[in-house]
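For any residue, its number in my numbering is found by taking its place in the sequence shown, counting from 1, and adding 11. Everything on this sheet refers to the single structure shown next.
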Amino acid sequence: MNFNKLFLVFFLSLTFQGCAFIASRVVPVNDIKSPSGKYEIGTQIFHWTDNTRDEWFSSIEGDKRELMVQVWYPALKPNELIDPYPWIDNANLREEAIMENFKVPKFVAKAIDRVDTGTYLNSIPILSEKFPIVIFSHGFEGFRSQNTTQIQELASNGYIVFALDHTYDATLTIMSDGRLIPNAKKYCYGCEADQFYEVFIPQINTRIDDVRFILNQIEKINNGNIETNFANALDIENIGVFGHSFGGGTSLASSILDSRIKSCISLDGWYVPVHPDIYNKGLTIPFMHLGQVEWDTPVNYQILDEILDTKVIQGYKLSLEGANHMDFTDSPHISKLSSSFQLSSGLESEEILNVTNTAVIGFFDEHLKSKNTNWLLELRNNINTRVEEFKNEK
12 MNFNKLFLVF FLSLTFQGCA FIASRVVPVN DIKSPSGKYE IGTQIFHWTD NTRDEWFSSI
72 EGDKRELMVQ VWYPALKPNE LIDPYPWIDN ANLREEAIME NFKVPKFVAK AIDRVDTGTY
132 LNSIPILSEK FPIVIFSHGF EGFRSQNTTQ IQELASNGYI VFALDHTYDA TLTIMSDGRL
192 IPNAKKYCYG CEADQFYEVF IPQINTRIDD VRFILNQIEK INNGNIETNF ANALDIENIG
252 VFGHSFGGGT SLASSILDSR IKSCISLDGW YVPVHPDIYN KGLTIPFMHL GQVEWDTPVN
312 YQILDEILDT KVIQGYKLSL EGANHMDFTD SPHISKLSSS FQLSSGLESE EILNVTNTAV
372 IGFFDEHLKS KNTNWLLELR NNINTRVEEF KNEK
């Protein structure tokens, strides 16, 4: 029996004896790794309502779309007495949802409250420079901070990052007034195409409209119509998006439909819900997919390959040998036990981190800052990474 399995048996026995809290204290977890950039990182959280949209997921008449949005930004050095912001806020309220959606026992769900970040709530933003903006979209049943590793890396290197919980599509959304909005679990796997799109078109359209709403809010912040203390730091001419899984498909579709977005990254994106009516319009900005070599549903990469072969002006497909779907989140970095629950592949955290952060920072630096760091050459020289480039005429 290997080390991970021994741990698993031990902790499960503790759980069955009603000792989940004790077990959670000894689950090996890591804080989010310190980023490489020169900037300290601040964060702020907003509760925004889109009064132009009825809530598709809700049966309550007149219910409008509400979003919890977190922003990370370059900041002044924080007060040493302030504790860093946790990886997941209100972790005690999220335990049951995490157990259900990620199929982990209670002691694992409890352990997440020990994961800290290098981010400080309400730190004073740096206003002497303008920083490009990136919007992050989480995966199906994910959450806004699920890729804090990349978000912190971006903020520390001079980006302002907006990430949202896609309400009813996230693991659990906790509104600022304390309301708990669970995942609505609207999906249709293995069904016919017409039935599949009947379920997922309204869902991805809601996600796309979430991203476009955030873009509108960013413009309002920049114009002074929404009061914040970081408006003067926004470079609204250079906006990128990235997402994981369903968030990758959401990012791609949003980039096709909204010209305010200048570049797009998809981390092991799920493209099946993106209807051909959307991707056949073509993508006129740089696009990068970084993911596992193969999906268990081949049609996903068939769609991706069609998009890269014929629908993008400039595209990249990066594949990490041995990786699985959850390797492109924070999961492999916060605990070695993640692979025991299929929440990572077992690849070394440092290898995944190096490839993912090199790709994300290099791509956005090139296409939002006009800064070439030879990131593609570095990835080509990595024996575990396959790099393909695509160019098509307009």
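C-beta atoms are modelled at their ideal positions from N, C-alpha and C, and glycine is treated no differently. None of the values given here were measured: they were computed from a predicted structure.
Inter-residue CB distance, residue i and residue j (contact presumed, cutoff 8 angstroms)
i: Thr-128; j: Tyr-96; result: 6 angstroms
i: Lys-402; j: Gln-325; result: 6 angstroms
i: Asp-338; j: Ser-351; result: Actually they are not in contact, since the Cβ atoms of Asp-338 and Ser-351 sit about 14 angstroms apart, beyond 8 angstroms.
i: Thr-160; j: Leu-364; result: 7 angstroms
i: Phe-253; j: Val-126; result: No, Phe-253 and Val-126 are not in contact; Cβ-Cβ is about 21 angstroms, not under 8 angstroms.
i: Ala-242; j: Gly-235; result: 6 angstroms
Alpha-carbon spacing of residue i relative to residue j, whole angstroms
i: Asp-341; j: Asn-103; result: 19 angstroms
i: Asp-279; j: Ser-256; result: 5 angstroms
i: Gly-259; j: Lys-117; result: 29 angstroms
i: Asn-233; j: Ile-137; result: 15 angstroms
i: Thr-178; j: Asn-90; result: 33 angstroms
i: Val-366; j: Gly-73; result: 46 angstroms
i: Phe-375; j: Ser-274; result: 7 angstroms
i: Lys-197; j: Gln-228; result: 27 angstroms
i: Glu-106; j: Gly-333; result: 30 angstroms
i: Pro-284; j: Ile-215; result: 7 angstroms
i: Thr-184; j: Asn-393; result: 38 angstroms
i: Gly-302; j: Ser-330; result: 5 angstroms
i: Glu-77; j: Thr-60; result: 4 angstroms
i: Asp-288; j: Asp-205; result: 14 angstroms
i: Trp-306; j: Lys-322; result: 21 angstroms
i: Ile-314; j: Asn-101; result: 38 angstroms
i: Val-80; j: Leu-165; result: 17 angstroms
i: Thr-384; j: Phe-68; result: 43 angstroms
i: Cys-202; j: Glu-209; result: 11 angstroms
i: Asp-94; j: Ile-43; result: 14 angstroms
i: Lys-75; j: Ile-212; result: 19 angstroms
i: Cys-327; j: Ile-71; result: According to the sequence provided, residue 327 is Tyr. The question's Cys does not apply to it. Those two C-alpha atoms are separated by around 43 angstroms.
i: Thr-308; j: Ile-237; result: 43 angstroms
i: Leu-92; j: Leu-132; result: 12 angstroms
i: Asn-240; j: Ala-108; result: 33 angstroms
i: Ile-56; j: Arg-391; result: 38 angstroms
i: Asp-176; j: Thr-261; result: 13 angstroms
i: His-149; j: Phe-224; result: 16 angstroms
i: Thr-54; j: Ile-99; result: 13 angstroms
i: Ser-156; j: Ser-45; result: 15 angstroms
i: Ile-192; j: Glu-404; result: 45 angstroms
i: Gly-373; j: Ser-139; result: 24 angstroms
i: Asp-320; j: Ile-272; result: 21 angstroms
i: Asp-188; j: Asp-316; result: 44 angstroms
i: Ala-31; j: Cys-199; result: Low confidence applies to Ala-31: its pLDDT is 47, below 50, so where it sits in the model is not reliable, and the reading given next is rough at best. Distance between the alpha carbons of Ala-31 and Cys-199 is about 34 angstroms.
i: Pro-343; j: Asp-180; result: 23 angstroms
i: Asn-158; j: Phe-207; result: 28 angstroms
i: Phe-154; j: Ile-296; result: 26 angstroms
Contacting residues, own chain, Cβ-Cβ under 8 angstroms from residue i (five flanking each side not counted)
i: Phe-142; result: Tyr-84, Pro-85, Gly-169, Tyr-170, Ile-171, Ala-244, Leu-245, Asp-246
i: Leu-263; result: Cys-275, Ser-277, Gly-280, Tyr-282, Val-285, Tyr-290, Leu-294, Phe-298, Ile-318
i: Asn-112; result: Glu-152, Thr-182, Asn-194
i: Asn-335; result: Gln-303, Gln-353, Ser-355, Ser-356
i: Asn-395; result: Leu-331, Glu-332, Gly-333, Glu-362, Val-366
i: Met-186; result: His-58, Glu-77, Met-79, Ile-192
i: Trp-386; result: Thr-369, Ala-370, Ile-372, Gly-373, Phe-374, Asp-376, Glu-377
i: Val-310; result: Val-283
i: Asn-249; result: Pro-143, Ile-144, Lys-273, Leu-379, Lys-380
i: Leu-226; result: Ile-146, Ile-250, Asp-269, Arg-271, Ile-272
Contact set for residue i: own chain, Cβ-Cβ below 7 angstroms, skip 5 residues either direction
i: Leu-87; result: Glu-51, Ser-134, Ile-135, Ile-137
i: Ile-6; result: There is simply no residue 6 to check, as the chain begins at 12 and stops at 405 in what is shown.
i: Lys-114; result: Phe-352
Cut-off 6 angstroms between Cβ atoms - residues of its own chain near residue i, not counting five sequence neighbours on either side
i: Asn-41; result: Ile-345
i: Asp-124; result: Ala-102
i: Glu-399; result: Lys-328
i: Arg-397; result: Ser-330
i: Gly-48; result: Ser-167, Asn-168
i: Lys-312; result: Sequence inspection shows Tyr at residue 312; the Lys mentioned does not correspond to that position. Excluding sequence neighbours, Tyr-312 sits near Trp-306.
Residue i: CB within 7 angstroms of a non-hydrogen atom of the ligand ADP
i: Ile-135; result: As far as ligands go, the structure on display features none, and thus does not contain the ligand ADP.
- Query: Is the segment 250–269 touching the segment 289–296, taking contact as three or more C-beta pairs under 8 angstroms?
  - Reply: yes
- Task: Take every Cβ of the segment 374–387, pair it with every Cβ of the segment 357–364, and state whether three or more of those distances are shorter than 8 angstroms.
- Result: The way I'd put it, the segment 374–387 doesn't touch the segment 357–364; fewer than three beta-carbon pairs between them come closer than 8 angstroms.
- Would you say the segment 63–80 touches the segment 215–230, given that touching needs at least three Cβ pairs under 8 angstroms? yes
- Item | Continuous beta strand (DSSP E) assignments of at least 3 residues falling wholly in the segment 124–154 | 130–132, 142–148
- Item | Contiguous beta strand (DSSP E) assignments of at least 3 residues, all confined to the segment 157–207 | List check, beta strand (DSSP E) in window: 171–176, 183–185, 191–193.
- Query: Where in the segment 231–284 do unbroken runs of the beta strand (DSSP E), each at least 3 residues long, occur, reported from the N-terminal end onward?
  - Reply: Assignment of beta strand (DSSP E) within the segment 231–284, counting only whole runs of 3 or more residues, yields 245–255, 274–278 in chain order.
- Task: Enumerate, from N- to C-terminal direction, the unbroken alpha helix (DSSP H) stretches of 4 or more residues contained entirely within the segment 287–347.
- Result: For the alpha helix (DSSP H) assignment, the uninterrupted runs of no fewer than 4 residues enclosed by the segment 287–347 are, from N- to C-terminal side, 287–290, 310–321, 342–345.
- Report the residue ranges of all alpha helix (DSSP H) runs contained in full by the segment 344–390; include only those spanning at least 4 residues, in chain order. 360–379
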